[in-house]
Every structure is written in C-alpha cells, then in structure tokens.
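> From first to last, the protein sequence lines stand for chains A and B. So for the first sequence, the numbering used here puts the first residue at 1264; every next one is plus one. So for the second sequence, the numbering used here puts the first residue at 104; every next one is plus one. This is the structure I want to talk about, given as structure tokens.
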Amino acid sequence: MIKATNYKIAQGHLTSRVKQALVAMLSVTFGISMYIFMNGFMTGVNDIQEELAFSTLAHIRIYNDLPEDRSNLLVNYYQGDKLVNLRHPKVIQYTEGIVNADKVINTVSQLDELAEITAQVNMNVFYRNGLTQVNGMLAGIDATMEHRLFSIAESMKEGSWVALDHRSDGIILGVGLAKKLSLGMNDNVVVKTADGVTRNFKIIGLLETSLASVDNGKAFIQINVARQLVLKNHSYATDIQVNLKDFDSSREVARKIDTLVGYKVESWNDANGQLEAGNELRNYLAIAVSLTILLVAGFGIYNIMNMTVNEKIKEIAILKAMGFEGGDIVEIFLVQSIIIGLIGGVVGVIFGGVVSVLINNIPFELATIKTLPMAYRMSDYLSAFGFGMLTTFIAGYLPAKMASKVDPVEIIRG
Amino acid sequence: MENNTVLSARNISKYFYEPAIFQALKELSFDVKKGEFLALIGKSGSGKSTLLYVLSTMDTNYEGELLMNNEKLTGKTQNELAAFRNANIGFVFQFHYLLPEFSAIHNVMLPALKLGKKSKEQIHQDALENLDLLGIKDQAYKSANKLSGGQQQRVAIARALINEPAIIMGDEPTGNLDSKNTDIVFDIFRELAEERGQTIIAVTHDDEFAAKSDRVLELSDGLIL
Ligand SMILES: Nc1ncnc2c1ncn2[C@@H]1O[C@H](COP(=O)(O)OP(=O)(O)O)[C@@H](O)[C@H]1O
Ligand SMILES: [Mg+2]
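This is the structure we're talking about:
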C-alpha cells in the first residue's frame, strides 16, 4: 500500500499545480467519454443494421440448392483413353425444394440453440389487375411464425398481419406493389404462377417495411395455399428459416444442422458477408479512434508529470538524501497520475454516458429509425475506464521511474 | 581503531571520467570521533564536496572503504544505504531545499515519518522541540516558502536533527547566511556536538567558522594537507 507520507507529498505536489492537473484530468475525461461515445455509437449503428437485416433475413436458411456443377458428366463413367461424343448435355434438378419440410423442422427443433423455425414457399409470380401486370415475389407463410422470426406485423400499414392465418383467400401486399397495380384494401388481385396456374386473392393488408425489395415487389399468402399454387404436397417448402438464441453462433450451428439434414444450410453471415464485414470495420474504426484519443490523454499526463518531476528535482534529491528510496519516489509521482486518472476517469465515464444520451436524442429519420442510434453496454464503460487507467498508469510510470533514478549528488552539488 | 571512532575512511579515491579522466580524491584515510566537530576546508575545486558526498553514502562510485560505527558501508545496495542515511545521517545544505507545499513543522517531521519508529504525535512533539532549540518555534505552522532565508535554513537544520542521527553533515551550511545567522548555526552545531555527542562534518569557506571547530581537515587537489 501507499505510505501515508508519500501520499501526503504527492498531494502537496498536486495542489501546488491545480490548473495543470485539471487540464490533465480533462484530457482523461475527454478520452474516456469519447471512447464510450464512439463505441456506443458504432455498436448502435451495428445493432440497427442487424435489426434491419434480420427483418428479412433469418439467422440460418435451409433450402434445396441446385446440384453441383457437373459440366464434365463423363468423368464418373469413362476413364482412360476413350473417345466419347456427347451432345446437348443439360443439368437437371430432380427434386425441387424441400419435399418433407416437417421432418427437417422436427430434426432441427431438437437443437438447444434454436429459438424459432418456420417454413416458407417462395416463388416468382405475375400480379395482375385488369391489363396491368407486374412480376414479383410471392411468399407462402405461416403468419404467426413468420412474425416471431421477423417481427413483420409491426410494419403493417393497413390491415392485420395475423388475420392472414384465417383467410385462405387473403393476400398481403407491399404498398409499392399495390400502388403499381392501382389496388387498395379489399380489392382483388390475380396471381399467375410460372406454370400458368392463376388464382384470385383479396387484399387484406398492406405492408410498409422501408425495404424497397419487399414494399415494391412482394406479397404474402398462406403457406398451404401457396403449396396448392405450385401443385405440391402439404409438407413442401422452398425455404426453412431458423432463428437462434444467439445469432453470433450462426456459423457453428449451421454446420451442425448441415450434418443432420440433406439440404443446403446457410448462415446469415455466409450469405451476406458484407454485413459482417461492415460491422467489423465499424468496430475497428471505433477502437482505433478511441484509443488514439486515449493516447493523446496519456501524453497529457506524461507531459504534466514530466514537468512536475523537472520542477521538483531538488526536492527529489533532498528526499533521497534524507533516505527516501527509489520505490518511494516512484510512489510519490505515480500516485499523482493515478489520482488524475481516477478523477478524470470517473468524470469521463459519467460524461460519456451523458453525451451518449444527448446524441441518442438527436433526431435522425431514416428507414425505421427516428434518432441517432446508441448502444449502452456495460463492457464499453468498463473497458473505457480500464484503458483510461492503463494509459494514465503507463504515462505516469515513465516520469516517476525517471524521478526515482535522479542522482541526488548531481543535483545538490549544483 | 578506537572505540569512539564513528566514521572511518580508508584509501578513498574518486575519479571523474567526464570531460577527461580526473582523480578528485587521492587515497584519503582518516577517522572521525564521536562528538567531534570537523571542518573541511580548502580552495574551491579541492574536492571538499566530493569527499562529503562519498562520506554521506550518496555517492557510491568510489574506491576504498567507508565504515560507520564499525559497519562497512561500501558495497551496500542503494536501498540499504537510503535506510541507513535515514536513521544515521542528517544533512544541511547550502540551500535549504524544503518542500514548499508543507509547513515548517511538517518539513521537520518528514525524515522521522519515513523512519516510522515513533508515533506521529511523538514525532510532532520532537519536531516542535527541535524548532524551539533553533529559536523558530513560533514559525512552526507557517508554510515553508513564507519564511526568510535564515529561518528556512534553521528549519532545514531542525529537519536534519529529527532522527537524532549519529552524524550531521553540511556542505557550506552557512554559505548563504549573514554573519548573525552564521553564528547562530555555529553555536547550534557546537551544542549538538558537546551536549548530545553528535558528530558534525561541515564543509566551509568561512575561516572564522573553521577556527571554532574541534578539528580542521584542509584539502588541496584531492589530498589532505
Ligand atoms: N560531476 C563532475 N564531473 C567532473 N568533474 C567534477 C564533477 N564534480 C566535481 N568535479 C571536479 O572535481 C573537483 C572537486 O570538486 P568539488 O568537490 O566540488 O570541489 P569543492 O572543494 O569546491 O567542493 C573539481 O576539480 C571539479 O571540477
Ligand atoms: Mg563544494
């Protein structure tokens, strides 16, 4: 522990140069609050990104991929020097979609990591109203389950999302798509599939998600109705969407599911590398900027402590002459920077929180957000304080060590 | 070696290597008795200060041997020497070097607080007595930088005495004082040597001061005359 006498001397030094100490404290405060704000803001942006991404994207998607590239079909059947003539080779997909989706869902549901799972039948269709014809996506879904994965009901502009579960003739259209077709609530729309099957639906809801691909070109119907449209059995699905308790584990869980089912299993980050890359780049940026600022704060402390040591060099010499050891001298000066760091740090953590709240309240309207995003994570506050203390410790230790090496003879003889 | 020898220097040599190699002390050997008031004199540059800092244990870069109370000090670590100085040696310099943020009495208490042998109350009382001895008890609670030069030097002496060191060393302790204050300091040293049996080793330029001491060592070019 710090000896009371050394502490007293340190206190004397600090109170004799309050102004400089205050400036050094402020630089720590600034560094730490910037660290908190930068990291909170970047995490906030990342969270918003993910929230937006996960409004259409599940953590894991299971689907039937095209067969692998078999341009050289003969390799398995003919070896060695043989001349073979093959005309018009074609890759034929024997099975389309997931034939027995219930079985896959049952298997995957056993996993502890699983949060939600739902099947979809997705297809490309034409939407017709009189002579107007627009092509787009049609998703057959279980409305309740779909909402559990994608919180889609919150984006309803008109009508009720879950009502779809009770209306086999109902369809919910993106607002942009409805506009293109000049249709509104309770109007009828004709859907025509690629195989030429047509069917009439009643618009029971309009969806506005702020994602153009959904709003301008997608509609939703009951999954069983969709199966009828593509003439498939009652367990058919094109996609099975899975959400996990922790989306960070998507890759590993996807690999695990891959061994259980015979279909293509893809995690959100494998399917959308740019999302993850963006998140990581923002995190690096936040860390780089905030550590730079802390470094500047460290220089502030280093500077003031260096000045103090130079100014007090005669005192150091006399203390050593009186029998204070090198360790005492280190203590005397290190205590000063630690006090500066602690006070500056505590104020910085509070100030960082206040700044974050203020920034978080600045209006900023884009897509679904209303104000600038901000995350409040305990870990940011702790590491800001931790890094701050580490910087002050190092910045204070160097001059203190230098002070302890002062040769009293050289100073006192003058 | 007689029993009342407090300090022995044996073949002490000291070299400086910058700017050119130079021998400042040349195989000096002498003993100092307990309660002796020793004055170190000599021309400027003769090696007085250099010798004093070797004797003080602050300078360890010398040849030869240094013994205090039959204990060999040569070869001890810096921390051991620091502890030794704290308990056994008191310093008075030409400049007082008080801690300006502290009161006079707190400055006096510092070495004793560092030594940690007595309670804070006891140290406080001892410090007051020492200030009284030097005639500045009334200045005890003033901030050190608010005292006059003579008062500050007396506070520095009180500080040197607080741990009742066996030896008190001074490098021109009166060099900065007027003749009245010089007399006061001299009388105090005299009294400490005679009444408390403390050994005084003081470098001085002041012939009058030297003349009143028990013994004078005169240095010339690193040799004792
Ligand atoms: N740090 C040093 N480096 C080189 N030479 C020194 C150093 N300190 C003292 N000297 C030389 O040693 C000699 C003795 O110096 P010093 O002991 O200070 O003399 P004084 O008797 O005046 O106190 C002088 O010639 C001085 O120039
Ligand atoms: Mg000198």
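We treat Cβ as the ideally placed atom computed from N, Cα and C, and that holds for glycine.
Here's the rule: buried if 16 or more other CB atoms are within 10 angstroms of the residue's CB, otherwise exposed. What is D1432/A?
exposed
> At a cut-off of 6 Å, would you count S152/B as near ligand 2, judging by its Cβ distance to the nearest heavy atom?
yes
> Measuring only the C-alpha atoms, how far is A1560/A from T1292/A?
Each residue's Cα considered, the two are about 8 Å apart.
> Could you give the DSSP three-state label for T1381/A: helix, strand or coil?
Under the three-state reduction of DSSP, T1381/A is assigned to strand.
> Taking a Cβ distance cut-off of 9 Å, strictly less, list which residues of the segment 1582-1598 of chain A are near chain B, in chain order.
L1582, K1583, A1584, M1585, G1586, F1587, E1588, G1589, G1590, D1591
> Nearest to S149/B by alpha carbon, out of K136/B, T160/B, L131/B, V135/B?
L131/B
> In whole angstroms, what is the alpha-carbon distance linking P1662/A and T1571/A?
9 Å
> Just mark K1577/A as buried or exposed, buried being the case when its beta carbon has 16 or more other beta carbons within 10 Å.
Burial state of K1577/A is buried, judged by a 10 Å Cβ sphere holding 16 or more other Cβ atoms.
> Quick one: which residues of the segment 205-232 of chain B get their C-beta closer than 7 Å to a C-beta of chain A? List them in chain order.
F205, L213, P214, L216, K217
> Cα-Cα, which of A1517/A, P1626/A, I1657/A is closest to L1374/A?
A1517/A
> Can the beta-carbon of P1671/A be found less than 7 Å from the beta-carbon of V1308/A?
No, these two residues do not count as a Cβ contact at 7 Å.
> Listed in chain order, which residues of the segment 1564-1581 of chain A have Cβ atoms closer than 8 Å to some Cβ of chain B?
K1577, E1578, A1580, I1581
> Of all the CB atoms in chain B, is at least one closer than 7 Å to the CB of R1280/A?
no
> Just to confirm, is the Cβ distance from L1427/A to A1402/A under 7 Å?
Going by C-beta atoms, L1427/A is not nearer than 7 Å to A1402/A.
> Is the Cβ of V1669/A closer than 7 Å to any Cβ of chain B?
False, the Cβ-Cβ gap to chain B never drops below 7 Å.
> Determine whether the beta carbon atoms of L128/B and S111/B lie at a separation below 7 Å.
Their beta carbons are not under 7 Å apart, which means L128/B does not touch S111/B by this criterion.
> Between I1675/A and chain B, is any beta-carbon pair separated by less than 7 Å?
Yes, because at least one Cβ of chain B sits closer than 7 Å to the Cβ of I1675/A.
> By DSSP's criteria, A1457/A is part of a beta bridge. Which residues make up the other side?
In the DSSP output, where bridge partners are listed per residue, A1457/A has none listed.
> Give the secondary structure of M1637/A by DSSP, where H, G and I count as helix, E and B as strand, and everything else as coil.
coil
> Using a Cβ cut-off of 9 Å, pull out every chain B residue sitting near I1272/A, in sequence order please.
L202, E204, F205, L213
> Should V211/B and R262/B be called a contact, given that it needs their Cβ atoms to be closer than 7 Å?
yes
> For E105/B, is the classification buried or exposed, using 16 other Cβ atoms within 10 angstroms of its Cβ as the cut-off for buried?
With a pLDDT of 48 at E105/B, under the threshold of 50, the predicted position of this residue should be treated as unreliable, though the coordinate-derived value follows. Per the 10 Å Cβ criterion, exposed.
> Out of curiosity, what's the CA-to-CA distance linking L1277/A and Y1644/A?
Rounded to the nearest whole angstrom, the CA to CA distance from L1277/A to Y1644/A is 27 Å.
> If you measure between the beta carbons of Q1537/A and A1321/A, is that distance less than 7 Å?
In this structure, A1321/A does not lie closer than 7 Å to Q1537/A by Cβ.
> Per DSSP, Q1485/A is paired with what?
I1404/A
> Leaving out five residues on either side along the sequence, give the residues of the same chain with a beta carbon under 7 Å from the beta carbon of F119/B.
Correct list, in chain order: F125, A127.
> Helix, strand or coil for I239/B per DSSP?
In the structure shown, I239/B adopts coil according to DSSP, grouped into three states.
> Do the segment 1450-1470 of chain A and the segment 1384-1392 of chain A make contact, defined as three or more Cβ pairs closer than 8 Å?
yes
> Can you check DSSP and say which residues form a bridge with G145/B?
In the DSSP assignment, G145/B forms a beta bridge with L322/B.
> Please state the DSSP three-state secondary structure of D309/B.
coil
> Taking the continuous beta strand (DSSP E) assigned at I270/B, which residues delimit it?
270-274
> F196/B versus chain A: which residues are under 7 Å apart at the beta carbon?
I1675
> Per DSSP, which residues does R1462/A bridge with? Please list them.
V1454/A
> For G1275/A, decide whether its Cβ has a neighbour in chain B, counting only Cβ atoms nearer than 7 Å.
yes
> Checking contacts by CB at 7 Å: is T1268/A closer than that to chain B?
yes
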